[in-house]
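Engineer: If you're matching them up, the sequences are chains E and C in order.
Count the first sequence with the working numbering and you get residues 2 to 156, in order.
Count the second sequence with the working numbering and you get residues 2 to 156, in order.
Beta carbons: idealized from backbone N, C-alpha and C, even for Gly.
From a predicted model like this one, the values you see are computed outputs, not experimental measurements.
Following this message is one structure expressed as structure tokens.
Number of protein chains: 2
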Amino acid sequence: MYTIGEVSKMVNLPIPTLRYYDNEGLLIDTVRDSAGIRKFNDKTLESLRVIECLKKSGLQIKEIKEFMNWCSLGDKTIFQRREMFIRQKAHIEQEIKELEDALALIKFKCWYYDEALKEGSEKRVKKLDPHDMPEEIRLLFEQSHQQYKKKPIAK
Amino acid sequence: MYTIGEVSKMVNLPIPTLRYYDNEGLLIDTVRDSAGIRKFNDKTLESLRVIECLKKSGLQIKEIKEFMNWCSLGDKTIFQRREMFIRQKAHIEQEIKELEDALALIKFKCWYYDEALKEGSEKRVKKLDPHDMPEEIRLLFEQSHQQYKKKPIAK
DNA sequence: GCTTGACTTAAAGTTAACTTTAACTTGTAA
DNA sequence: TTACAAGTTAAAGTTAACTTTAAGTCAAGC
């Protein structure tokens, strides 16, 4: 059994954030001692891992609450829970792809400013055609200059 | 030359967002016609690409504004701009790593609920030891159950 | 000359996820 | 017994990045 302060240190989240999650119904199967003090256990730590993961995958607190509620309803919600993870898997894969495209542009800019710094001026590199860039850099440029993405499909 | 409505469609951002960016000083070298109508060009489209990229890398609007200001100050700010891209490169790489760990947990849960669905119950899979999982799944489990990360170093 | 569509502004409103505040309780140590 | 550390609450405050509103301008077509 852990107090809120212990959990806070273990998972590196502020105490008020843990209270907020608890109040919002994200922390199921938590108990209180006779003085009303929250007592957490290893299940809480695992829940917090899942909460962080679902947050990163794009879910809101109230949606995570809904998921936690499904968990406490047992086997009859397995299908819904599975569907949610399948959806969030697609979501996070899309997000990683977008970050990788952003990273490509950033890497290109790192090269661009390396060249500019060497030469003391952007002048030459600014008007450089992709065709005249080193292969590796041209690929970064092209990856970061694809079509603008379409509007994401609604959940 | 493009109107705000044309740019909005091209880059798939709402018109008020483009006005907001312009008002916040993110869109440098934009001009107005005699009636005060904004006229954008291809440089604007490229700026919007960089803005999106810097946003994804974790920068705030006001920090992007600062960067855009450096751009308009010419060659004497090359060093600062380079440093910023180097910093944001590290930031976005860290973010991708964290998303990949979250993805590992999601993939593990997809497998978990596949098994549970097949068996009509979580009962067995819930108390499964990582040692008894398929190799591929155990690796996902381990990747998603590393130590909690330390507090990120301040900018 | 009137309507329409696309633009303009300043200012107020929205939202989610915390974060802070102020007042209070409880258990241990000096 | 007094102080301190660590817990508690409800309620108000914060923040960033938009988004909406309300009122107005302007050019083109009927």
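Does the distance from the C-beta atom of E:L129 to that of E:A105 stay below 8 Å?
Structural biologist: Their beta carbons are not under 8 Å apart, which means E:L129 does not touch E:A105 by this criterion.
Engineer: So, with DSSP's three-state summary, where would you put E:K128?
Structural biologist: Coil.
Engineer: Quick check on this structure: which residue in C:Y3, C:I87 and C:V12 has the alpha carbon closest to the alpha carbon of E:Y149?
Structural biologist: Checked all of C:Y3, C:I87 and C:V12; the closest Cα to E:Y149 is C:V12.
Engineer: Residues of chain E with a CB under 9 Å from the CB of C:G6: which are they?
Structural biologist: None at all; the shortest Cβ gap to chain E is about 15 Å.
Engineer: Taking C-beta pairs closer than 8 Å, name the residues in chain E that C:M134 reaches, listed in chain order.
Structural biologist: Per Cβ cutoff of 8 Å: no residues; C:M134 is ~16 Å from chain E at best.
Engineer: Give me the DSSP bridge partner(s) of E:V32.
Structural biologist: According to DSSP, which records beta bridges pairwise, E:V32 is partnered with E:K40.
Engineer: Can you tell me where the alpha helix (DSSP H) with E:D23 in it begins and where it stops?
Structural biologist: Where E:D23 is concerned, the enclosing alpha helix (DSSP H) stretches over I16 to N24.
Engineer: Quick check on DSSP: helix, strand or coil for E:Y114?
Structural biologist: Three-state DSSP puts E:Y114 in a helix.
Engineer: Just to confirm, is the Cβ distance from C:Q89 to C:G59 under 8 Å?
Structural biologist: In contact: C:Q89 and C:G59 (Cβ atoms closer than 8 Å).
Engineer: Report the residues of the region 32-58 of chain E with a CB closer than 8 Å to any CB of chain C, ordered along the chain.
Structural biologist: Under the 8 Å Cβ criterion, the region 32-58 of chain E contributes R50, V51, E53, C54, K57 and S58.
Engineer: Should E:E101 be flagged as near chain C, meaning a C-beta pair shorter than 8 Å?
Structural biologist: Yes, its Cβ sits closer than 8 Å to a Cβ of chain C.
Engineer: Taking its Cβ as the centre, do 16 or more other Cβ atoms sit within 10 Å of E:D76, making it buried, or is it exposed?
Structural biologist: The residue in question, E:D76, is exposed, as its Cβ has fewer than 16 Cβ neighbours within 10 Å.
Engineer: Within 10 angstroms of the Cβ of E:T45, are there 16 or more other Cβ atoms? Answer buried if so, exposed if not.
Structural biologist: That one is buried.
Engineer: Check the Cβ of C:F80 against every Cβ in chain E and list those closer than 7 Å, keeping chain order.
Structural biologist: Under the 7 Å cutoff, chain E gives L118.
Engineer: Quick check on the DSSP output: what are the complete alpha helix (DSSP H) runs of length 4 or more inside the region 46-104 of chain C, in order along the chain?
Structural biologist: If we require 4 residues or more, the alpha helix (DSSP H) runs fully inside the region 46-104 of chain C come out as 62-73.
Engineer: For C:I65 versus C:I52, is the C-beta distance shorter than 8 Å?
Structural biologist: Yes; because the gap between Cβ atoms is below 8 Å, this pair is in contact.
Engineer: Measure from the alpha carbon of E:N42 to the alpha carbon of each residue in E:A36, E:E7 and E:E84, then state which is nearest.
Structural biologist: Minimum Cα distance to E:N42 is reached at E:E7.
Engineer: Please state whether the Cβ-Cβ distance between E:I5 and E:L27 is less than 8 Å.
Structural biologist: Their beta carbons are not under 8 Å apart, which means E:I5 does not touch E:L27 by this criterion.
Engineer: Cβ of E:F142 less than 8 Å from any chain C Cβ?
Structural biologist: False, the Cβ-Cβ gap to chain C never drops below 8 Å.
Engineer: Confirm the yes/no value for this check: CB of C:F109, any heavy atom of the ligand GTP, distance under 7 Å.
Structural biologist: The ligand GTP is absent from the structure shown, which contains no ligand whatsoever.
Engineer: With C-beta atoms as the reference, is E:F68 less than 8 Å away from E:R82?
Structural biologist: Taking 8 Å as the Cβ cut-off, E:F68 and E:R82 qualify as a contacting pair.
Engineer: C:I97 and E:E101: beta carbons closer than 8 Å?
Structural biologist: Result yes, Cβ atoms of C:I97 and E:E101 sit closer than 8 Å.
Engineer: Compare the C-beta of E:R83 against all C-beta atoms of chain C and say whether one is closer than 8 Å.
Structural biologist: E:R83 counts as touching chain C.
Engineer: So, for C:I29: in the same chain, excluding its five sequence neighbours on each side, which residues have a beta-carbon less than 6 Å away from its beta-carbon?
Structural biologist: These residues qualify, in order along the chain: M69 and S73.
Engineer: CB C:F109 to CB C:I138, shorter than 8 Å?
Structural biologist: Yes, they are a contact pair.
Engineer: Cβ of C:Y114 less than 8 Å from any chain E Cβ?
Structural biologist: Yes, contact with chain E.
Engineer: Mind listing the chain C neighbours of E:I107? Cutoff is C-beta to C-beta under 8 Å, in chain order.
Structural biologist: Going along chain C in sequence order, the residues near E:I107 (Cβ under 8 Å) are C54, S58, F86, Q89, K90 and I93.
Engineer: Exposed or buried, which one is C:Y114 when buried takes at least 16 other CB atoms within 10 Å?
Structural biologist: It counts as buried.
Engineer: Tell whether a beta-carbon distance below 8 Å holds between C:R1 and C:D23.
Structural biologist: For chain C, the structure presents residues 2 to 156; residue 1 of chain C sits outside this window and is missing.
Engineer: Please identify the residue among E:L14, E:K56, E:Q144 and E:T31 whose C-alpha is closest to the C-alpha of E:E99.
Structural biologist: If we check each option's Cα against that of E:E99, E:Q144 comes out closest.
Engineer: Interface residues of chain C around E:S122 at Cβ under 7 Å?
Structural biologist: D76, listed in chain order.
Engineer: At a CB-CB cut-off below 8 Å, which residues of chain C make contact with E:I97?
Structural biologist: Per Cβ cutoff of 8 Å: I97, L100, E101 and L104.
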